[in-house]
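Colleague:
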Amino acid sequence: MSGRLERGGLIDRSKPLGFSFDSRRHQGYHGDTLASALLANGVRLVGRSFKYHRPRGFLSAGPEEPNGLFEIGEGAHREPNTRGTVQELYDGLVASSQNRWPSLRFDVLSFNDWLAPFLSAGFYYKTFMWPASFWEKVYEPFIRRAAGLGALSGEPDPDAYDHGYGFCDILVVGAGPAGLMAALAAGRAGARVIVADEDFLPGGRLNGEALEVDGRPGHEWAGEVAAELASMPNVRVMKRTAVFGAYDSGDWGLYERLTDHLGQKPEGIARGRLWHVNARRTIIACGSIERPIAFAGNDVPGVMMAGAVRTYLNRFAVAPGKRAVVFTNNEDGWRTARDLLDAGQEVAAVVDTRKGDRVPAGMEAVAGETRVAFGVRITGVLGRKSVRGVEILDGDGHSSVFAADLLAVSGGWNPTVHLTSHKGAKPVWREDIAAFVASKDRPGDQIIAGTANGAFSTAQALGEGLSAAEQALSDLGRKAPRLRVPKAENTATAIEAFWHVGEARGRAFIDFQNDVTAKDVKLAHAEGYRAVEHLKRYTTLGMATDQGKTANVTGLAVMAELTGRTIAETGTTVFRPPTTPVPIGAFAGRAHGRHQQPTRLTASHDWATERGAVFVEAGNWLRAQWFAQPGETDWRQSCDREAAAVRRSVGVCDVSTLGKIDIQGPDAATLLDRVYTNTFSTLAVGKARYGLMLREDGMMFDDGTASRLGETHFLMTTTTANAVGVMRHLEHATQVIWPDLDVQMISATEQWAQFAIAGPKSREVVARLVDEDVSNEAFPYMGVAEVTVCGVAGRLFRLSFSGELGFEVAVPARHGDALIRAIMEVGAQFEITPYGTEALNVLRIEKGHVTGAELNGQTTAADLGFARMVSAKKDCIGKVMAGREGLVDEDRPRLAGFVAADGQARLWAGSHFIEEDAPADLAHSIGHMTSVCYSPHLGRYIGLGLVRGGAARAGDTVRMVHPLKGIDIAVEIAHPVFLDPQGERLRG
Amino acid sequence: MAKIPELAARSHLAGVSMPQSEGAALREVSGRAMLSLACHAGNASRVARAFKTETGVALPKAGKTAWHEGMLILWSGLNQWFVQMDKANAAGAFAQLAPALNGRAAVTDQSDAFVMLELAGPLARETLARLCPIDLHPAVFKPGDTARTLAGHLAVQLALVGGGETGPVFQVLAARSSARDLVHDFEIAIASAGYG
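Next comes the structure, spelled out in structure tokens:
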């Protein structure tokens, strides 16, 4: 392990871990990230860039990493674009590099790099303009193959994702010095606290620095505080948890990684958990991100952020190079030189862009051991797959070259302000620290602390953490505990902003992940793009998976230079959640596949399954569509048999899915009169009536029956699909339109299992089930009664949807399974046949009953032949609007029946009707076919449809045209009721 | 005519195995009846008095439950309650209540509209926190509290009906037809509750 130091680091050397990268075996330790382990093994080239396929190494040591992206895992579990700086090492980890072919070292498409002069900003927009037909077939596939990141496995995501809801007084975002201090104070005050940190080791920068807190190593202090927090019942410490979004009313989105760090994934445990946390106050202490400087060759593997170099040294005991040059515009870079020297590494030079030859306080020893240059910049990097040397230019115009394999860069630090601006507050520029900080216009529940607030020293961060907690506790009316701010370093960064080496020859990268250079920004400016939002979209700066965490501020600073505006005037682009990649599966949580929506099952479901039912979704319900019998190979065979059985003898169908609403109260009848077009207040107790409901705009909304169970007690039924909508409609009517009505409603859909028993023999079956007299005299058509069904209190309705003598028997749902079996038992002598929704559809078309196909939201009551059901004597919802000119037009298509003129041809729903002599185009359409079926009773296809003139044209011939199927045949208009128009069967 | 035997009762969850771990266990409560009681306009105080007189227990306030001699009453909305009792006593109890409530409140049998589940164990709150978007912290959701909320994508009514050394006991009322989906959700939530 060439890069691993002899001692130190927050790794467990007693736990070595084997892993592979591009099929080569390596070893690391527990506590390593994939990045630190690869660097420890001397692996510096880890990926190819997005557009130019440039060789890349790690730039950072944290979640902001733009370069070091990997595919982790194998098969369906393969996860692309995983940041090596976040991925914890585990035994057996399999990592692959991305965007290269055939291999990382010899990547064919790296010729793109030599084409770079042609691949500048806007290249695709300018080049692939025409022919337009080439875009989808030629250009896009080519570009997609050439430019890209990792590849998905192409298989369904095999992992499960979990959701969680959290509530707290104080949410602390980040467990660095500020966050830990804040959480400690809030926790000791007894507040409910959630501390979330993206890292697996609390401590933030304290883990990466050789700094002391209260005279001890900073990471020890952090470890102790984290342990105390974990022991508090009122505090939840969430490791590996990113707070990715700020939402309304103190709501936050969090993503907790549960198993990505484990080689052996525990059985039944979700990969990650999406948290919805509501916090009364939130302390944002999520730190800051060090920013690169744009200079030629700043992306060669071996160029690394100075703070990242310290993290690798101190936290992981890894030296990312053997001989370093430090390039800085602030005091912070010097710390890297010092830590490198302390770790026994060689430092060739510290190159400081600031003038004045002032060695920072405490860095005298560094100046004694290495070359120091002020007012100097780096103009080039030697090497392609790895840094070999650094070319510098001093103030007098002299160039020189240092041999080095590591270039540590510090362009200053950007406070991580994203969360503070998710709700619209734009960050504000602070000239003194050359950085954006959170706006004071941010939501009042957000308190910022530490380097996230531009307080860059450890002492400041600890102090701000404590005062943030004090403020939050005071806001919540709690007393803050007495706590002392621990002693720590307190040096100012003394930054002199320096963004871009203007003298650079060659490309100076700003956005490493999307391959955006300073030249691209210049080109965008030259082509007239002034607004940062335009700059972003034209150059794609900040639009990669890292969302430009290391790039955005530098990009707009270069833009500001070019436009002659200040950075404050230039402003930032809009930050949106998520701040860090979150698997889409986590948002779906459990709601995917079969569980994407709840499934509702009837009480007879298990019985129907035993009978070989094929189910269809209706709303969220599963309804039996048909019951395939042995030997039946086609649904039509089953459907025809079932429909014929109902006409011949008797059939049974589960109708529990229809909506049932229990309506009670002195004004129940009044409510029904107002929501139905027809009158219900005149309905006798013990009777049911068919009713129509309109929408407010006058269109048909729903239909069903309502039964009067008592003077002030009704049971309304709705269609299956509209049950929820009708309930909502009634709630709106009683809560908003007529709050004075004294009506109580509750859904009874789930309470009852209800079966339609229909056919000439249905009475004989029902008579064997219920105690009461069900003769026509005692229980006539549209009768309703409370009855005893095989010893159980139930309800009986004399209703018919099929046009046959029919009953509906209802019992409490727990008895539904027993009832269907009892019905089958007593019906056996009549060859009772269970029928599904397909046969139901045939029966209702034969009888001319409308369903959702006709109640399609565009039809009025008159269109469907129900004009006489709209009572003239009273008002109802939708009645006035139904009288609009266009809705009473005599020429509107109206309901009619249809049969093929030749008596045999198949009919197709969705076909248009065209007059015999008219051209077959949409302009001449006079209606369309809504429902068709093969009628086993009539031995031919029949249809229902809407045609100009409606059933009044019965006997006329029109054409049924279906251009998609090439069908154009003559059909005869008929009365929509094909069977028993006098209704003798159902009244029998 | 020959009658067939009395219809047997069968739970919608018959044959469905109930998830459990050391942290939390789900079980179905059977043999209970439940009525919905909703006051007619202007009758709330009369209903409250009549109910107290007939049963000896006051109707609970918003968000609360009351427990009395095997009868559990859950507030279920403005001037609405769910009244639960053993199925065996239900007819008698209702017959006693009916005259007092007649014309004052709508009474609807909801015994079969819901499945009645109990979630118990030291990690019961943590389990529910996987599914329900409400604050179930002991200081916030206390014994005797009830709430109508969601569990995953299903509407439920929760009540904290018991507790002790073995952890809290929640009653979960959910629509019967989708109860198997709810059990599936609990399966994942219980497995995941102690983790992370």
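Residue numbers (my numbering), protein chains in the order written: chain A, 898 to 1885; chain B, -5 to 190. No residue lacks a Cβ here, since even glycine has one placed at the ideal position from N, Cα and C. Being a predicted model, the structure only gives us computed values, none of them experimental.
Could you tell me the distance, in whole angstroms, from the CA atom of A/Leu1568 to the CA atom of A/Gly1468?
Modeller: When only Cα atoms are considered, A/Leu1568 and A/Gly1468 end up about 59 Å apart.
Colleague: Can the beta-carbon of A/Thr1616 be found less than 9 Å from the beta-carbon of A/Asp1600?
Modeller: yes
Colleague: Below 7 Å CB to CB, which residues in the same chain sit around A/Gly1562 once its five sequence neighbours on both sides are set aside?
Modeller: Thr1609, Asp1639, Val1640, Gln1641
Colleague: Does any residue of chain B bring its CB to less than 9 Å from the CB of A/Leu855?
Modeller: The requested residue 855 of chain A is not part of the displayed model; chain A covers only 898 to 1885.
Colleague: Rounded to a whole number of angstroms, what is the C-alpha to C-alpha distance between B/Gly97 and A/Asn1673?
Modeller: If you draw a straight line from the Cα of B/Gly97 to the Cα of A/Asn1673, it comes to about 33 Å.
Colleague: Using a Cβ-Cβ distance under 9 Å, would B/Leu178 count as near chain A?
Modeller: Checking the sequence shown, residue 178 of chain B turns out to be His, not Leu. So, interface residue.
Colleague: Is A/Thr1757 near A/Met1596, with beta carbons less than 9 Å apart?
Modeller: yes
Colleague: Taking the alpha-carbon positions, what's the A/Phe1299 to A/Lys1320 distance?
Modeller: Spanning the two alpha carbons is a distance of roughly 48 Å.
Colleague: Applying a beta-carbon distance threshold of less than 8 Å, which residues of chain B neighbour A/Gly1087?
Modeller: By Cβ distance, chain B contributes nothing, its closest Cβ being about 11 Å from A/Gly1087, past 8 Å.
Colleague: For the beta strand (DSSP E) that contains A/Trp1396, what are its first and last residues?
Modeller: Segment: none, A/Trp1396 is in no beta strand (DSSP E) and carries neither H nor E.
Colleague: Can you name the start and end residues of the beta strand (DSSP E) that A/Ile1091 belongs to?
Modeller: 1090 to 1093
Colleague: Closer than 8 Å is the cut-off here; do at least three beta carbon pairs connect the region 1216 to 1228 of chain A with the region 1379 to 1396 of chain A?
Modeller: yes
Colleague: What are the boundary residues of the beta strand (DSSP E) that A/His1422 is part of?
Modeller: Premise fails: A/His1422 lies in the alpha helix (DSSP H), 1415 to 1423, not in any beta strand (DSSP E).
Colleague: At least one CB of chain B closer than 9 Å to the CB of A/Gly1562: is that the case?
Modeller: yes
Colleague: For a contact defined as C-beta to C-beta under 7 Å, what are the partners of A/Gly1165 on chain B?
Modeller: Ala185
Colleague: What residues match up with B/Gln165 in a beta bridge as DSSP calls it?
Modeller: B/Glu112, B/Ala153
Colleague: In chain A, which residues lie with their C-beta within 9 Å of the C-beta of B/Ser11?
Modeller: Residues of chain A passing the Cβ test: none, with the nearest at roughly 14 Å.
Colleague: Spell out a yes or no on whether the region 1676 to 1696 of chain A and the region 1854 to 1863 of chain A are touching, meaning 3 or more CB-CB pairs, one atom from each, closer than 8 Å.
Modeller: no
Colleague: Use the C-beta contact count for B/Ser186: other C-beta atoms within 10 angstroms, 16 or more gives buried, fewer gives exposed.
Modeller: In the assembly as shown, B/Ser186 is a buried residue. Its beta-carbon has 16 or more other beta-carbons within 10 Å.
Colleague: Identify whether A/Ile1742 lies in helix, strand or coil by the three-state DSSP scheme.
Modeller: helix
Colleague: I need the DSSP call for A/Met898, collapsed to helix, strand or coil.
Modeller: Any reading at A/Met898 needs caution, since the residue's pLDDT is 48, under 50, leaving its predicted position unreliable; the model's value is listed next. In the structure shown, A/Met898 sits in coil (DSSP, three-state: anything other than H, G, I, E or B).
Colleague: Is it right to say A/Asp1408 is buried, meaning 16 or more other beta carbons lie within 10 angstroms of its own, or is it exposed?
Modeller: buried
Colleague: Check A/Trp1504 in the structure and name its three-state DSSP category.
Modeller: The answer is helix: DSSP assigns A/Trp1504 an H, G or I state.
Colleague: Let me make sure I understand the geometry here. Which of A/Val1667, A/Thr1646, A/Leu1591 has the alpha-carbon closest to that of A/Thr1614?
Modeller: A/Thr1646
Colleague: Using a Cβ-Cβ distance cut-off of 9 Å, determine whether B/Thr140 contacts chain A.
Modeller: no
Colleague: Give the straight-line distance between the Cα atoms of A/Arg1665 and A/Ala1815, rounded to the nearest whole angstrom.
Modeller: 58 Å
Colleague: Quick one: grab the DSSP three-state call for A/Met1721.
Modeller: Here A/Met1721 sits in helix by DSSP.
Colleague: Could you tell me whether the Cβ of B/Ile128 comes closer than 9 Å to any Cβ of chain A?
Modeller: yes
Colleague: So that I know if they touch, is there some Cβ in chain B lying closer than 9 Å to that of A/Phe947?
Modeller: no
Colleague: Is there a Cβ of chain B sitting closer than 9 Å to that of A/Ser1644, yes or no?
Modeller: yes
Colleague: DSSP three-state label for A/His1610, please.
Modeller: strand
Colleague: Is A/Trp1011 buried or exposed, if buried means 16 or more other CB atoms sit within 10 Å of its CB?
Modeller: exposed
Colleague: Considering only the alpha carbon of each residue, which of A/Ile1330, A/Asp1329, A/Thr1355, A/Val1314 lies closest to A/Ser1336?
Modeller: A/Val1314
Colleague: So, does the region 1436 to 1449 of chain A touch the region 1277 to 1295 of chain A, judging by three or more C-beta pairs under 8 Å?
Modeller: no
Colleague: Give the straight-line distance between the Cα atoms of B/Asn83 and B/Ile67, rounded to the nearest whole angstrom.
Modeller: 15 Å
Colleague: Looking only at its chain, what residues have a beta carbon closer than 7 Å to the beta carbon of A/Ala1483, apart from the 5 residues adjacent to it on each side?
Modeller: Tyr1058, Tyr1152, Gly1169, Leu1171
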